[in-house]
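**Q**
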Amino acid sequence: MLPGVNGTSRVVIAVLFGVAFAISSILRGDVAPGLVGGALAAVLVWLVIGRVQEYNERARARHRQREPE
549 MLPGVNGTSR
559 VVIAVLFGVA
569 FAISSILRGD
579 VAPGLVGGAL
589 AAVLVWLVIG
599 RVQEYNERAR
609 ARHRQREPE
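Using the working numbering, read the sequence shown as starting at 549 and increasing by one per residue.
(1) Any chance the segment 563 to 573 sits against the segment 583 to 603, with 3 or more Cβ pairs inside 8 Å?
(2) Could you give the distance in angstroms between the alpha-carbon of Ile571 and the alpha-carbon of Ala607?
(3) Helix, strand or coil for Gly582? Go by DSSP, reduced to three states.
(4) Using the Cα positions of Arg558 and Val596, report the straight-line distance between them to the nearest angstrom.
(5) Can you tell me where the alpha helix (DSSP H) holding Gly566 begins and where it ends?
(6) Verify whether the separation of the beta carbon atoms of Gln601 and Val553 is less than 8 Å.
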């Protein structure tokens, strides 16, 4: 499994994705929808990374419980 992403990296990844999404929409001429979409995309990426981390932590805990000592 992949190592966990710390809080700062999680925010940076979300912001970079949101900015890239906003810029791509703005370049097509959709300024306001691009800004709103970029913000929503950043929040979505931040939430998805968090859920994946929670899932991985639960999977690691289940794996540790099944390992014989």
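In this text, a Cβ means the ideal position worked out from N, Cα and C, and glycines have one as well.
**A** The relevant details are as follows:
(1) yes
(2) Walking along the sequence shown from the start, residue 571 turns up at place 23. Walking along the sequence shown from the start, residue 607 turns up at place 59. Taking the straight line joining both Cα atoms gives about 37 Å.
(3) As a working mapping, residue 582 is identified with position 34 in the sequence shown. Looking at Gly582 - three-state DSSP - the assignment turns out to be helix.
(4) Residue mapping note: residue 558 aligns to position 10 of the sequence shown, counting from 1. Residue mapping note: residue 596 aligns to position 48 of the sequence shown, counting from 1. Their Cα atoms are separated by approximately 10 Å.
(5) What you label residue 566 is simply residue 18 of the sequence shown in a count that begins at 1. Per DSSP, Gly566 belongs to the alpha helix (DSSP H) from Gly555 to Leu575.
(6) As a working mapping, residue 601 is identified with position 53 in the sequence shown. As a working mapping, residue 553 is identified with position 5 in the sequence shown. A contact, by the Cβ cut-off of 8 Å.
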